[in-house]
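Residue numbers (this note's numbering): 9 to 208. Note that the Cβ used here is the ideal one computed from N, Cα and C, for glycine as well. What follows is a single structure, written as structure tokens, with notes after it.
Here it is in structure tokens:
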């Protein structure tokens with residue numbers, strides 16, 4: 009069994025600092041503060057809302073926006089524009105929680121709505137795609153779209169995980185990452201000159 013070795017790094021302090029910040033953030037974002045009067049009690053849910061908004065914006069501008077520019081036309085384009093607008097308003101509402109435009113809260117409910125919208129657009133796309141193109145619409149992708157609509161409706165009506173549970177998962181992951189960074193930083197710390205001389 010090979011022994012795990014870590015080479016010394018001059019920037020080991022950076023890993024320790026980043027790990028410490030991750031651990032501190034995990035403690036501050038922990039859901040158990042919500043029942044207290046501390047000023048950072050709502051930071052966890054605020055961070056979760058911002059993460060949801062970031063994921064939605066990445067989805068919008070890396071997946072949906074190119075489809076609007078270079079995708080189908082007609083009814084499918086209109087549906088895609090409606091999908092883009094709805095998800096953008098939800099993302100905006102997650103950032104500005106006090107001005108929630110579309111009153112949908114909860115990561116699972118938002119995921120369900122996104123899946124429902126995408127699945128619905130794809131079903132309409134399959135309908136308008138039929139017979140009008142030399143390359144037929146894949147049947148397997150139509151089945152995936154139907155599953156997206158069904159699963160999205162279920163997630164929207166009955167969320168699988170609450171926001172508090174999702175926040176706990178994020179906090180635990182942040183703690184593990186922080187502990188790993190601190191451990192790595194300590195292991196890759198260069199040995200002092202005194203320690204080298206004493207060995208000689």
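Buried or exposed (CB count within 10 angstroms, at least 16 for buried), residue i
i           : result
residue 82  : exposed
residue 39  : buried
residue 182 : buried
residue 164 : buried
residue 23  : buried
residue 62  : exposed
residue 64  : buried
residue 155 : exposed
Spatial distance of residue i from residue j (CA atoms)
i           : j           : result
residue 9   : residue 195 : Low confidence applies here, because residue 9 scores a pLDDT of 46, under 50, leaving its location unreliable and the question unanswered by this model.
residue 190 : residue 42  : 28 Å
residue 187 : residue 31  : 7 Å
residue 122 : residue 95  : 7 Å
Minimum C-alpha distance to residue i - residue among the options
i           : options         : result
residue 46  : 36, 95, 127, 31 : 36
residue 124 : 67, 94, 161, 53 : 161
residue 67  : 98, 55, 85      : 98
Beta-carbon gap between residue i and residue j smaller than 7 Å
i           : j           : result
residue 133 : residue 20  : no
residue 158 : residue 131 : no
residue 88  : residue 129 : yes
residue 74  : residue 116 : no
residue 175 : residue 52  : yes
residue 34  : residue 179 : yes
residue 171 : residue 120 : no
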